[in-house]
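As structure tokens, the structure follows; a few thoughts come after it.
In full-length UniProt numbering, the protein residues as written are 1 to 264.
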């Protein structure tokens, strides 16, 4: 985050709209949509919300349709430039860019900014998918292609649809939300051949141990589900894992085409 940004007035992005100072509402679009006390609003407002939600999908699909192969990177917005995960995020962004991937983040500060910075400085495409939040800072300065969303679910669709992999660095609840949504989509085969990489063994090892020793032992997941996560501290190893999965995906698609042609 640049020093100049700290002196700017508070602002909030609502799709294409930027609000500052007294124009900033007390609640976000997601809060109003999900507030059970406002259920009666569907008669007058929810139909219009549906159109707004549709517009976010249209805008996202249209803006991101021509992206090159991409990787979504997640991690804490609170990480400082002198933290180990910041350096890891910056190195990862650069390595992914050199491997030919665009880097997609939530567009915020911390690990997201580090990954965007690494990608941009390495000559790659740096993408940020922002979200309206009460404490939002706006897209970081390293985002070259950015979209601001009102609704989490529209934004989350874009993270998955336009990525060939997820890389998850140390983070909080939002990071865990993205992690487990991705793992669930892979487990239920809603997406296939989609690597999910955890970077930072000291941070994630306890979670991985709990998944193995509690969830799997208790029969809540199968033994094969332990293979859905790839844990490493090595940036090059993470990129190799993603590249290999992509190559296997191409080979599998080619084999399916050959089988169809042979049967036809």
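Built from N, CA and C at the ideal position, the CB exists for glycine as well.
Quick caveat: nothing in here was measured; it's all calculated off a predicted structure.
Give the straight-line distance between the Cα atoms of residue i and residue j, rounded to the nearest whole angstrom.
i, j, result
"residue 112", "residue 213", "31 Å"
"residue 115", "residue 238", "14 Å"
"residue 77", "residue 108", "6 Å"
"residue 7", "residue 67", "Because the pLDDT at residue 7 is just 49, under 50, the model does not fix this residue reliably, and the value given afterwards should be weighed accordingly. Each residue's alpha carbon lies about 34 Å from the other."
"residue 220", "residue 18", "45 Å"
"residue 247", "residue 101", "14 Å"
"residue 258", "residue 185", "27 Å"
"residue 195", "residue 71", "10 Å"
"residue 73", "residue 83", "17 Å"
Tell me where the beta strand (DSSP E) around residue i begins and ends.
i, result
"residue 152", "Residue 152 -> not in any beta strand (DSSP E); alpha helix (DSSP H) instead, spanning 152-161."
"residue 77", "That residue, residue 77, is in no beta strand (DSSP E); it is neither H nor E in DSSP."
Apart from the five residues just before and just after residue i, which ones in its own chain have a Cβ nearer than 7 Å to its Cβ?
i, result
"residue 155", "129, 131, 149"
"residue 158", "60, 64, 129"
I need the DSSP call for residue i, collapsed to helix, strand or coil.
i, result
"residue 105", "strand"
"residue 141", "coil"
"residue 167", "strand"
"residue 66", "coil"
"residue 126", "strand"
"residue 149", "strand"
"residue 266", "In the structure as shown, the chain begins at 1 and stops at 264. Residue 266 is therefore absent and cannot be evaluated."
"residue 11", "strand"
Going by DSSP, what residue range makes up the alpha helix (DSSP H) through residue i?
i, result
"residue 112", "111-121"
"residue 175", "173-187"
Only counting the same chain, and skipping five residues up and downstream in sequence, which positions put a Cβ closer than 8 Å to that of residue i?
i, result
"residue 146", "107, 127, 128, 129, 130, 139"
"residue 232", "197, 198, 199, 201, 238, 241"
Among the residues of its own chain, which have a CB less than 6 Å from the CB of residue i, if the five just before and after it don't count?
i, result
"residue 4", "Model confidence at residue 4 stands at a pLDDT of 41, short of 50, so the residue's coordinates are unreliable; what they give is reported in the following sentence. None."
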